[in-house]
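Numbering (the numbering used here), first residue to last: 400 to 524.
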């Protein structure tokens with residue numbers, strides 16, 4: 400088993416599923432973390448207010464995901480669309496994660512168990 404602290408994220412605009420092989424101190428076998436739900440903004444007084452709220456909510460969403468990645472040395476990010484790239488840029492713009500090794504991929508919706516297997520296969524665990 401790898402001593403590296405690894406994590407995988409399946410993310411779309413509504414939720415993120417994080418799988419990792421470590422807690423605060425130790426690397427061990429892969430496990431699922433509680434899903435992170437994005438706050439979706441509904442109905443705003445103006446387009447500008449809506450865009451600001453959307454941006455604020457996305458940053459809050461990314462911060463919650465980032466919190467689960469603390470101490471990770473390598474991260475695999477997958478999901479539909481372009482949100483994986485946005486998360487990668489967000490992480491690399493954060494001092495703590497600017498040198499984090501990140502692999503991007505695309506994938507359609509899958510069950511948490513399927514994603515857990517996908518992450519294990521990606522890291523040959």
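The beta-carbon is built from N, C-alpha and C at its ideal position, and this holds for glycine as well.
None of the values given here were measured: they were computed from a predicted structure.
| said: For a test of the three-state rule: what should DSSP assign to residue 487, helix, strand or coil? | reply: helix
| Per-residue DSSP class, three states only, for residue 465 | helix
| field | For residue 475 and residue 522, the rounded distance between their alpha carbons | value | 9 Å
| message | Which residue marks the beginning of the alpha helix (DSSP H) containing residue 520, and which one marks its end? | response | From DSSP, the alpha helix (DSSP H) with residue 520 extends over 511 to 521.
| Given residue 477, which residues of its chain have a CB within under 6 Å of its CB, disregarding the five upstream and five downstream residues? | 409, 504, 506
| query | Out of curiosity, what's the CA-to-CA distance linking residue 519 and residue 446? | reply | 42 Å
| query | From residue 509 to residue 517, what does the alpha carbon distance come to, in whole angstroms? | reply | Cα-Cα distance, rounded: 10 Å.
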